[in-house]
Structure formats: structure tokens, C-alpha cells
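Here is the structure we will look at, set down as C-alpha cells.
In my numbering, the protein residues as written are 118 to 567.
This is the structure:
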């Protein structure tokens, strides 16, 4: 079977599995009191990863799937500061003394819109309310259009270790079609600022499947990305979900590449990155061999959460800000998305929980199996049994069935291990979906798997 035929056969819409159960299965039965109980159950043995969501941008990129709103004024960000800091207080008061913070990530939106003073104010407040590990990883998503030397210096002074920037595609026609003008020189200037400020790692995001994108445009973009020499690269497929993100209706669907074209773009970009010395991480990330993400992938400690692939070992993710998602050993929560309602709830001294889902023992077993497939491309019979006892048996039976039914060589039963082949790597989301019992009954719509 040709690669294109495989893409047509396995390009079904399925989740990205940054959680299990996935976000469409969160519900309002999980509320503030539930979250307080989960936070209170954390112990000194737990470690924390903090995520701070800044839900504002000064330009609205039409491809974007994030929870954000466009503003050309700073007033909404200034009004967001006090409630955000108050939520930090509310959460930190609910967490027992002891857990250390091993990672901090600012996302959005565009956190780089924050003034140097406000950025420093947030980080200072977090350090006052939580116990930070000395070797904490600290990353920020930055829009090159926002970053000034003053802002970069403030981020570095606050302890920034990694900056992540979206490239998408350097082709001007593609950029115009997604409302995201950004030159190579503009990107390089910010990268150079980060290096000069002492930030030791850079991640660049590239998208395939964009309007007017071709294998030729993606090849030119990948050449330029390689020339920038980032430590990490994320190669995402554009998720066209206009039923969820109305601004995506601005994109001309007639200009979007088909499933085979998307697959060709992804494969070409991956081959170029591997040829340039980057190691494949999961199905859509790449890293230099010395990068901690590559080290985690080789050692079997790679993780997957709402930020994608990570080497962060924290046992709990604390989401702060409107729409942010958190994870504890007992379950997932998501904050209120509407900024005004989020602010009003926090000002009322309440944790702004909108919904979530509690994890059953079966959920935890299936989550582990899906995460190992997504991260390691393997699933071990013996480790499943060792960790989960009798709960492992249905998963093993399902894996054996999937492998036996696979005539394309994507998922192979090798005895002790079930293995996703290199041919199957681009379709690992589809393979993982076989172990998702919620997918069979849910009504959520997802982006295509290629």
C-alpha cells in the first residue's frame, strides 16, 4: 500500500491525546470544591508544573486554535493582572506546603505582549507563593512582533530557559492567507536577542496543511528553520476546526491542501529535519540529540500533556488564567474561558473552575497505555501487568486484536512489546484511539490525524 493510500485510509479525525480522557469529555460535575480537594491531597512527594495563560493577542491569526482575543490596547491585560495574581493566591493557599515547582510555562495568546514590568510582577508573585526548584525549566511562547530588547531582558532576568516562537511558514502567500506576516529576519532578530540574553534553548513551531502551502514552500521554510539552529522544532498539522474557532472561516477552504498533500508535506519536512541531525520525538516533535527532550525520549521518560511532548516529570500541572487546564493525580480541571466571568469569579474569592473529569483506575491504566504509545511507540505487556494488574488484561487483548487485524504493518505484536513501526508513526494517534473507550460514545469533532 502506498503512503498516500495509507494517508487516505488512516487520516480519520481523532484526538491529539494531550490528555485522557480528552477535553470534550470534561463536565461541570467537577467544580471548585472538587479541585480544592484534589489540590489538598498533594503531598511533599509531588512536584508541580505551573502554566500561566495570557488570553490576549495584538493580532488574530486565522489558523489559531487557542483561547485568545485580539486587542490593540493594553488596558485588558492591565485589568487581567490583579485577578490572575489573586488566583495564584487562591491556588497556593489550597496546596499543602512541600511540593516543589519544577517547570513554569507562559502560553496564550501572546504572553510576550506583557510589559517587562508586568511579566516580572507575575513571576515574582509566583516565586513568593510557591517553592521553586533551583533547576526549574521556564519557557515562554513569544510572538516576534511583540518582543523588544527590554521585554527579552526582563524574561531572561526572571529565569527564562526556553523561548518558543511560531514560524508556521515563511512563504508570503501562505502568511497572507492566514493573517500572519512574519519575516525570517524578524524571527532571527528575536532568536538572537534570546541567545544574547542567556536563554539556552529555542523552540520553533512549523505548520503544514496551511492554505496555498505546497511541498516546495514547506521545504524552503524547513531550510530556513534549520539555518536558525533551534534546539527543538514542533511540526504541527494545521487543525481546521471552524465549527469551534469561527475566525478560521476567514481561511479559503478551497486553498487548503488535501489529505495526500498534507501527508507529503509532513513526511518531507520530517525527512529534512532528520537529515539535518534532529531526532524524531513522538509523531510531531524534533530535537537535537543533546536536548533534554531527546534524552527523555531515548530513556523512556518522555511525557505528553496539554503543551504537547515534554520532559517535565511533574506529578501535577497547575493551570492559571482564563481557560487554562490543570491536572492532578485525581483528575483534570479547566478554568472558565470567558475572561470577564473568570475575573468576576476570582474576585469573588472562588477558584474559577468551569469543568473537569475525575480519573477512575481504568482511566489511569488506559491513559498510561496511550501515553506510552504516543511517546515511546511501544506498549509493554509485562509493565502493563506490573503497574495495573487485572486492569491491564482488556488493554492487552485489545492491542493483540488491533495488531492481528493490521495488514499494513503499522502496529506489530512482537511478543513482550506491541510496537508502532516507522511506517505507523505518522498514524499513532489513530492507533492510540483504539484504546479510547470515550471516543466510541462521544459526539466531539476532531481534526484529521494526518
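C-beta: ideal position from N, C-alpha, C; glycine also.
As the structure is a computational prediction, the values presented were derived from the model and not from experiment.
Considering only the alpha carbon of each residue, which of 480, 543, 539, 471 lies closest to residue 147? 471
Is there a Cβ of chain C sitting closer than 7 Å to that of residue 287, yes or no? In the displayed structure, chain C is absent; only one protein chain is listed.
Presumed contact (8 Å Cβ cut-off) between residue 194 and residue 173, rounded CB distance: 6 Å
Can you check whether the CB of residue 142 is closer than 7 Å to the CB of residue 441? no
Would you list, in sequence order, the uninterrupted beta strand (DSSP E) runs of no fewer than 3 residues that lie entirely inside the stretch 208-265? 217-225, 248-259
From the DSSP output, in three-state form, read off residue 492 for me. helix
Helix or strand or just coil, what does DSSP make of residue 506? helix
I'd like to know whether the C-beta atoms of residue 486 and residue 552 end up nearer to each other than 7 Å. yes
Taking only runs of the alpha helix (DSSP H) that begin and end inside the stretch 135-172, which ones reach a length of at least 4 residues, in chain order? 149-157
Beta-carbon proximity of residue 286 to residue 327, cut-off 7 Å: yes
Does residue 275 pass the burial test, meaning 16 or more other C-beta atoms within 10 Å, or should it be called exposed? buried
Have a look at residue 236 and residue 511 and give me their C-alpha separation to the nearest angstrom. 48 Å
Own chain residues within Cβ distance below 7 Å of residue 542, not counting five before or after: 400, 494
Would you kindly report the start and end of the unbroken beta strand (DSSP E) that includes residue 285? 279-285
CB-CB under 7 Å to residue 212, same chain, minus the five flanking residues each way: which ones, in chain order? 156, 159
Measure the alpha-carbon distance for residue 319 versus residue 175 and round it to whole angstroms. 22 Å
If residue 317 sits next to residue 278, beta carbons under 8 Å apart, how far is it from one beta carbon to the other, in whole angstroms? 6 Å
Cα-Cα separation between residue 248 and residue 520, rounded to whole angstroms: 46 Å
Taking the CB atoms as reference points, tell me whether residue 516 and residue 496 lie closer together than 7 Å. yes
Provide the residue span of the beta strand (DSSP E) that contains residue 320, from first to last. 318-325
Residue 458 lies in the alpha helix (DSSP H); which residues open and close that run? 456-464
Mapping DSSP to helix, strand and coil, what is residue 426? strand
Using the Cβ count rule (16 or more neighbours within 10 Å means buried), how would you classify residue 489? buried
Compute the Euclidean distance between the alpha carbons of residue 261 and residue 324, then round it to the nearest angstrom. 16 Å
Under 7 Å between C-beta atoms of residue 435 and residue 165: yes
Could you give the C-beta distance for residue 462 and residue 453, rounded to a whole number, given that I count them as a contact under 8 Å? 6 Å
From 491, 447, 354, pick the residue whose C-alpha is nearest to that of residue 417; which is it? 491
Can residue 149 and residue 363 be called in contact, C-beta distance under 7 Å? no
Starting from the Cα of residue 128, find the closest Cα among 354, 245, 270, 190 and give me that residue. 354
Closer than 7 Å by C-beta to residue 385: which residues in its own chain qualify, once you throw out the five before and the five after it? Chain order, please. 332, 335, 336
Less than 8 Å between the CB atoms is what I'm expecting for residue 376 and residue 124, so what's the real figure, rounded? 5 Å
DSSP three-state call for residue 551: helix, strand or coil? coil
Residue 350 and residue 403 closer than 7 Å at C-beta: yes
Range of the contiguous alpha helix (DSSP H) that encloses residue 291: 289-295
Between which two residues does the beta strand (DSSP E) containing residue 528 stretch? 528-530
Over the uninterrupted beta strand (DSSP E) stretch that includes residue 403, give me the two end residues. 402-404
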